[in-house]
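FYI, the working numbering numbers position 77 of the sequence shown as 77, with every residue one higher than the one before it.
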Amino acid sequence: MKETKTNNAPAAIGPYSQAVTVGNLLFTSGQIPINPENGEIPEGVEAQAKQALTNVKNLIEAAGGSIDNVVKTTVFIKNMDDFGKINEIYAEFFTEPYPARSCVEVARLPKDVLLEVETIVEL
1 MKETKTNNAP AAIGPYSQAV TVGNLLFTSG QIPINPENGE IPEGVEAQAK QALTNVKNLI
61 EAAGGSIDNV VKTTVFIKNM DDFGKINEIY AEFFTEPYPA RSCVEVARLP KDVLLEVETI
121 VEL
């Protein structure tokens, strides 16, 4: 197992890696919408979706991969009513054929953000 670290995504806030590679698969930890440059969390679900997905993209690129090779995503959202808004931003990052995806509403996320995204990527 190989660990990936980058300053272009938020540092782990617990005892876990930002991402690990096993064979030709990269597993990213859940990325929340923290701006890694200043530690701020943007307001609104669209801005948070864009920041979380940018963090995912930066982490994948730090491991030598491409967001185009994401095979599976899991999106955790605080409010299922935001599903459509999140989909709009998600479509700015992924193209057909889209990765497989699970999306679940959760009671609470770290730092009370509105969403978190994790991925599995083929390198």
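Backbone N, C-alpha and C define an ideal beta-carbon position, used for all residues, glycine too.
Every value quoted in this text rests on a predicted model; they were computed, and no experiment measured them.
Pairwise C-alpha distance: residue j and residue i
{"i": "T73", "j": "G39", "result": "24 Å"}
{"i": "K2", "j": "D112", "result": "30 Å"}
{"i": "D81", "j": "V45", "result": "11 Å"}
{"i": "R101", "j": "P110", "result": "21 Å"}
{"i": "N55", "j": "N87", "result": "17 Å"}
{"i": "N69", "j": "A47", "result": "24 Å"}
{"i": "T4", "j": "G64", "result": "10 Å"}
{"i": "E43", "j": "A49", "result": "10 Å"}
{"i": "L115", "j": "T95", "result": "21 Å"}
For residue i, three-class secondary structure by DSSP
{"i": "I67", "result": "helix"}
{"i": "L114", "result": "coil"}
{"i": "I34", "result": "coil"}
{"i": "I86", "result": "helix"}
{"i": "I60", "result": "helix"}
{"i": "E46", "result": "helix"}
{"i": "E140", "result": "Beyond the ends of the chain as shown, which are 1 and 123, falls residue 140; an answer cannot be given."}
{"i": "E92", "result": "helix"}
{"i": "T74", "result": "strand"}
Whole-angstrom C-beta distance between residue j and residue i, which should lie under 8 Å
{"i": "L59", "j": "T28", "result": "5 Å"}
{"i": "N24", "j": "E118", "result": "The pair is not a contact, with the Cβ atoms about 18 Å apart (cut-off 8 Å)."}
Touch test, the stretch 25-35 against the stretch 5-17, Cβ-Cβ under 8 Å, three pairs minimum: yes
Contact the stretch 72-89 vs the stretch 101-115: 3+ CB pairs below 8 Å: yes
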